[in-house]
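Only one structure is covered here, and it is reproduced in the block below.
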């Protein structure tokens, strides 16, 4: 099946992105039902807006949070993408960057934060801890991956990932946002976590 | 508060504010230090000691140096490495361990370098690739040995920086828990 | 340091002995470590008290073999910090401290089952992931040991029904991580703070007991990630001393330089975050701009920006990079220049001055009693620098001042850090041209086993005394590896420092205290 | 100087030629409203972009530069996103007030926006008590903020709203006094007459010399505080109260607060340029007729907007340099410094005017 929509990211050729297989699969799923021309155009416009305005929630539990601050700071400047408007209130944020270890005590809090966010909302698991428990997988008090409690859109490995990896992860998320359908199923999605 | 204090406080306060304004105004016109990733991808080069992800270098004949001893797996603090091996009969009738699958979980790795220091062969190393974000958790579990690859026949001397000096040339036949 | 003369006391003797020590000038309780010595040794506590005038240390231990209801006497009335340390021991080992006014769990959820650090406890089986909201009781229990050996309980109130309690945290921009303060307010004025910890308790100490020694090293970087060098340095030194490995001069000097760079890194981040918390976003970015220079130095030599992973048992992972000296020498004048900019932009600013002078003062007595080491203690005039008091690495070869101030308020705490950046630059300047030749790593056995015994090593980390307490039974993993957290005493002192000030001051005080939450929770 | 009434009169005549009087008025009202709303949105977008770029430049970084050339359409993306974002309905809130609050804020800010004189003859709301109306309309905004804080059923929001109430009410005192000072100088409360006077006699800041300059500074400080902008952003005080009174608002409701914040900044700067810097009046130097003549060729609207953006830049410069005040210091600043000073200025100005000491 032909891919109808393919996100373009400025200064980054499509072929050089990793994990294009999953991406193509995702695009096919989203485009399975097809859509008429006008709706597609509108969708493109809205997706363009959304993908360029992913305001992160200020959420950091440990080391990765410091790297996130470095990403926001002058040298890497996440503002170039338009993501510098970090919101402290989950209601106003679009993406939660889970940066740092999530302990079992923190897990309900994280879930609540996620629930408090307004749709459309995205989750990026940043760093080994958020992806799988990372260095603390064997601990009794650490959640082994946030995808156990909330659905994760992009995984950014590293311990902690360097600022460029952060930006790369955000671009992957942009690609994902850019193929969504507003007038379809995905606006009011209630994605279920794995397991 | 005496009147004197009131006014001197006011003026020194205003002065301090003006000094601050001066600093930011100066900064307004200095050159910006932002590095523009991804626009600078071509020029961007990581420091060579930067640990991006674990790789197993293969030579042009699709050969690697891993003998499947599993020391790295034992050294790893949180089980990011799984080495699967099988026993093969060599030509001279001896049993020899051979690597089947070297799985590495990038999503779990803590970049402590213990696997590399443990490796007697210098078969694994960190590369400086940092663009690793994916959509699917399963994609982070990578197989490091390329399909169809085999261990380099010639005994390669371990690279000096990858295998520290104190590591004795360990015997490949050492029983491991693999 | 090998601890071969820990004084063993019966629980009944403990209080008298402790009171005697306190009277003799041992006014700083640096460690209170819960222990599980198994069925025979029982559950117990190791204490370390230090005389702040002579820097003499006394180590004591006590234990009870009753595993069902282990009761030990409290020392929380003698040292303020013991309050929170004893709650930690209660949380992890279930040791009840008779007479302690507030015997609640501190790191784990109140509905947690079992005591995870006990050797026979299986925390994961008893505690599935609970996704319901965490219960937070408004009252607490005090246990009293009666003369006949029975234990009676009494209810103490934490927050009454008339208190207007605001939860600051666990998700809040100015708590520097997932710290949770329950704050009772009177309008904007703070009446009481009850810290709820453990949102980033990762069980590092328990993990250590199953890790081999090289593996334990990896976790120290992640405790206080702004003191990664120093924490790892402490653990390496502790193991090296236990195994009697002499590291070369070169390693000592390189470690010292890197420790100081790390300290500058941490203090710049302190400055940045304080500015951010107080609303001066621009100063925040200036700090980060300069910090990147240090991170480049780290990354080039060590391969990591934040999690550095450089020290190892017997030396360093790799020799310093050829560019190292050049970069550091470029950095020193650069930083000196930029410190002036910080002062012009932020220190002198009348708004900042008014918001920090006289805000949240800790007296010297309070700082000592709470064990607030590092800049916080030195701002109150307590000369607690481990580099001076118990020199290690190359610190006895360099000339530097211990920066001290008097009033212990937020402004002093802030100035101490900025002045320490300059001191650290001095230290680096003295060493950078004189790195002796030598091997960067001593040979060690492939499997590292520490001889049986008890060891302690403290370093001056970025925010105070970071201690490593190691008890070994001669295996390849430690029997108990405890870290003295630098941040826990600072959080414990928050209630005292903030009382009577406003919510906005909580941010200033918290910012100038300079704690790192993963280090508190471990 | 081009008089915009030529255009309005022409449109009026055109409409009257085929419509009855009431219908023409109605159409004109709609046209004006559309123009105001469009201008409002356009200026909000420009201001947000400007703030993000300027703040970046103060902070030695680049700011948005990937969406459009130089990131110029970044804010459009934000608006699109905000429009399609979910508005969360919450339990235990006071529904009506909660939904009404953002509209109150935006209405107040639009009403004051309509007071600005854009050009000679291009004032939307212009009557003899213009300044009075401006102050009154501006005060509706605080009701919106207080309601937002109260209805959200959130302690942070409540504290933020309380702070905001105390702050805005206090600073209105000095704004009022400073404006009174200038009214003493001009002798009129109508914005159009104030501007006309300045076009004829020179800018108020020069005419009123010392007291006017001081009044200008006090106005900038108090106006900044009125807009809840740093260093007076206590009600939002990110690091203390997460987002202050609008902590529970999402989607476009939050967007209204966001827009109103920037527009209030613009209005505050616009009023400053009207009252002190001559509004649409061009810059004239006495005696240099050639120069004055050239200045007259620049349209009044350009003068007005140019001056306003200059003041906006000043306010942004202040915002991105200073740390935030504490609430008690904020009130002390008002009641101990600004208010007495503006009282003194008022007297001083009255003396100057009665003795004919103005230029």
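Protein chains in written order, with my numbering: chain V, 9 to 203; chain Y, 40 to 217; chain A, 28 to 549; chain R, -16 to 342.
Here a beta-carbon is modelled for each residue, glycine too, at the ideal position from N, C-alpha and C.
Since the model is a prediction, treat every value here as computed from it, not as a measurement.
Neighbouring residues, chain V, relative to residue i (Cβ below 9 Å)
i, result
"residue 338 of chain R", "Per Cβ cutoff of 9 Å: no residues; residue 338 of chain R is ~53 Å from chain V at best."
"residue 179 of chain Y", "139, 140, 163, 165"
According to DSSP, residues forming a beta bridge with residue i
i, result
"residue 74 of chain A", "A:59, A:87"
"residue 509 of chain A", "A:496"
"residue 480 of chain A", "A:499"
"residue 182 of chain Y", "Y:142"
"residue 289 of chain R", "The partner list for residue 289 of chain R (beta bridge, DSSP) is empty, contrary to what the question assumes."
"residue 20 of chain V", "V:17"
"residue 92 of chain Y", "Y:166"
"residue 136 of chain Y", "Y:126"
"residue 103 of chain Y", "Y:190"
"residue 164 of chain V", "V:134"
Residue i - DSSP class collapsed to helix/strand/coil
i, result
"residue 158 of chain A", "coil"
"residue 347 of chain A", "coil"
"residue 126 of chain Y", "strand"
"residue 168 of chain A", "strand"
"residue 193 of chain R", "helix"
"residue 44 of chain Y", "helix"
"residue 84 of chain V", "coil"
"residue 94 of chain V", "coil"
"residue 260 of chain A", "helix"
"residue 278 of chain A", "helix"
"residue 204 of chain V", "Look at the range of chain V in this structure, 9 to 203, and you will see that residue 204 of chain V is not part of it."
"residue 411 of chain A", "coil"
"residue 491 of chain A", "strand"
"residue 433 of chain A", "coil"
"residue 166 of chain R", "helix"
Neighbouring residues, chain Y, relative to residue i (Cβ below 7 Å)
i, result
"residue 43 of chain R", "66, 69, 71, 72"
"residue 106 of chain V", "The contacting residues do not exist; residue 106 of chain V stays about 13 Å from chain Y at best."
"residue 344 of chain A", "152"
Amino acids of chain R, ordered along the chain, whose beta-carbon sits closer than 7 Å to that of residue i
i, result
"residue 230 of chain Y", "Since the first residue of chain Y shown is 40 and the last is 217, residue 230 of chain Y is not available in this structure."
Chain R residues whose Cβ lies nearer than 8 Å to that of residue i
i, result
"residue 52 of chain V", "What residue 52 of chain V touches in chain R: nothing, since even the nearest Cβ is about 11 Å away."
"residue 83 of chain Y", "The contacting residues do not exist; residue 83 of chain Y stays about 16 Å from chain R at best."
7 Å Cβ cut-off: residues of chain V touching residue i
i, result
"residue 145 of chain Y", "165"
Inter-residue spacing [alpha-carbon to alpha-carbon] between residue i and residue j
i, j, result
"residue 303 of chain R", "residue 397 of chain A", "37 Å"
"residue 20 of chain R", "residue 194 of chain A", "40 Å"
"residue 336 of chain R", "residue 166 of chain R", "11 Å"
"residue 143 of chain V", "residue 414 of chain A", "30 Å"
"residue 107 of chain Y", "residue 141 of chain Y", "8 Å"
"residue 111 of chain R", "residue 159 of chain R", "17 Å"
"residue 161 of chain V", "residue 140 of chain A", "34 Å"
"residue 93 of chain A", "residue 122 of chain A", "10 Å"
"residue 87 of chain A", "residue 418 of chain A", "23 Å"
"residue 315 of chain R", "residue 210 of chain A", "25 Å"
"residue 158 of chain Y", "residue 152 of chain Y", "10 Å"
Within chain Y, partners of residue i - CB distance below 9 Å
i, result
"residue 40 of chain R", "66, 67, 68, 71"
"residue 300 of chain R", "60, 63, 64, 67"
Proximity test, Cβ basis, 7 Å: residue i and chain B
i, result
"residue 62 of chain Y", "Checking the listed chains, one finds no chain B in this structure; the protein chains it contains are V, Y, A and R."
Amino acids of chain A, ordered along the chain, whose beta-carbon sits closer than 8 Å to that of residue i
i, result
"residue 148 of chain V", "143, 150, 151, 154, 230, 233"
Review point. Which ranges would you report for the beta strand (DSSP E) in the segment 188 to 241 of chain A if only whole runs of at least 3 residues count?
Key: The beta strand (DSSP E) runs lying completely inside the segment 188 to 241 of chain A and spanning 3 residues or more are 191 to 195, 207 to 213, 216 to 223, given in chain order.
Exercise for review: Only counting runs of 4 or more residues, tell me where the alpha helix (DSSP H) segments fall wholly within the segment 286 to 347 of chain A, in order along the chain.
Suggested key: Within the segment 286 to 347 of chain A, the complete alpha helix (DSSP H) runs of at least 4 residues fall at 308 to 329.
Point to revise | Segments assigned alpha helix (DSSP H), at least 4 residues, entirely inside the segment 29 to 112 of chain R | key: The alpha helix (DSSP H) runs of length 4 or more contained entirely in the segment 29 to 112 of chain R are, from start to end of the chain, 57 to 66, 78 to 96.
Point to revise | In chain order, each alpha helix (DSSP H) run of at least 4 residues that lies wholly inside the segment 190 to 273 of chain R | key: Here the runs fully enclosed are 192 to 209, 221 to 224, 234 to 258.
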